[in-house]
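K.L.:
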Amino acid sequence: MIEVNPKETTRAYAFEMWMNAPMPMVTFFKTLDVTRLLKISRRRGLKFNMLMCWCVGRAASQIKEFRMLPVNGKLIEYDSLAVNTIVANSHGEVSSCDVPFSDNMEIFNSDYLRLTRQVAESCENHDLPDSMVIGTSALARYDIDGAVGMYSGIFNNPFMIWGKYRKRLFKTTLTVSFQFHHTQMDGAHAARFLDLLQREINAIH
């Protein structure tokens, strides 16, 4: 990762406008069709949450704005992406686990299983500070319509939240929220990301 001059990037105007805004975060909601994702999860014995995280990484990797993030008043460009997931640990609490994104699902799945198990047993967070991390939180037991993440002023990372998927006769849907820092991307980038996420879900095999 390296610090870049905002004026030499496509985020120059956004950096000037939103970097010091008291509330620079924007949240979008979208209902995804996850019928295929659930089918693949059951057919191949893969965790639904892992597949969601992999598709999030796949979609984000296609948008260059995900490579840059405002950190401590500076604009940082990253060489790698990671997807964070919240893990229920052995103490009955939750811990945070960053999983390095790989375009290869088998590699990502292996890392996901290994690292989430490690975090659950040790109760210690696994952080990848040299990667641009996309946060996720799956409240899979609960039927929620959406959630807006908290802006702490410390972490500016994009963040996704989803609850329980909803099964109908021929279709399964999942409502997600996506929160992002306006310095990092504009609404059009975020909307494109969510469209790409749906495409990746549809294309998974």
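Numbering-wise (our numbering), the sequence shown opens with residue 1480 and increments by one.
Every residue gets a Cβ at the ideal spot worked out from N, C-alpha and C, and that includes glycine.
1) So Val1483 packs on Leu1554, CB below 8 Å; how close in whole Å?
2) With Leu1607 as the anchor, note down where its alpha helix (DSSP H) starts and where it stops.
3) What's the C-alpha gap between His1660 and Pro1608?
4) Could you check where the alpha helix (DSSP H) with Val1598 kicks off and where it finishes?
5) Taking only three categories from DSSP, how would you classify Gly1536?
6) Taking only the alpha-carbon atoms, compute the straight-line gap between Val1627 and Tyr1621 and give it to the nearest angstrom.
7) Compare the C-alpha of Arg1515 against each of Ser1656, Met1547, Thr1654, Phe1649 and name the closest.
8) Any idea what DSSP makes of Thr1514, helix, strand or coil?
9) Would you mind stating whether Ile1633 and Ile1519 have Cβ atoms separated by less than 8 Å?
10) Whole angstroms is fine: what's the gap from Ser1616's alpha carbon to Ile1640's?
11) Looking only at DSSP bridge pairs, what is Lys1509 linked to?
12) Between Met1584 and Val1598, what straight-line distance do the alpha-carbon atoms span, to the nearest angstrom?
13) Which same chain residues, not among the five before or five after Thr1652, have their C-beta less than 7 Å away from its C-beta?
14) For His1660, which beta-bridge partners are listed by DSSP?
15) I'd like the list of long-range same chain contacts for Asn1681, defined as Cβ closer than 7 Å, with 5 residues on each side in sequence excluded.
16) Tell me the rounded alpha-carbon separation between Leu1548 and Gln1663.
17) Considering only the alpha carbon of each residue, which of Glu1572, Lys1543, Ser1569, Ala1567 lies closest to Asp1558?
18) Would you mind sorting Gly1666 into buried or exposed? The rule is 16 or more other CB atoms within 10 Å of its CB.
19) Is it the case that the Cβ atoms of Gly1642 and Leu1676 are separated by a distance below 8 Å?
20) Nearer than 7 Å: is that true of the beta carbon of Val1562 relative to any heavy atom of the ligand NAP?
21) Taking three-plus beta-carbon pairs below 8 Å as touching, is the segment 1599-1606 in contact with the segment 1574-1584?
22) Distance check for Val1505 and Met1531, CA to CA, integer angstroms please.
P.N.:
In brief:
1) 5 Å
2) Where Leu1607 is concerned, there is no enclosing alpha helix (DSSP H), given that its DSSP letter is neither H nor E.
3) 18 Å
4) 1584-1601
5) helix
6) 15 Å
7) Phe1649
8) helix
9) no
10) 5 Å
11) Val1655
12) 21 Å
13) Thr1510, Leu1511, Asp1512, Val1513, Tyr1644, Arg1645
14) Met1504
15) Arg1515
16) 6 Å
17) Lys1543
18) exposed
19) no
20) Annotation note on the ligand NAP: not contained in the displayed structure, which lists no ligands.
21) yes
22) 21 Å
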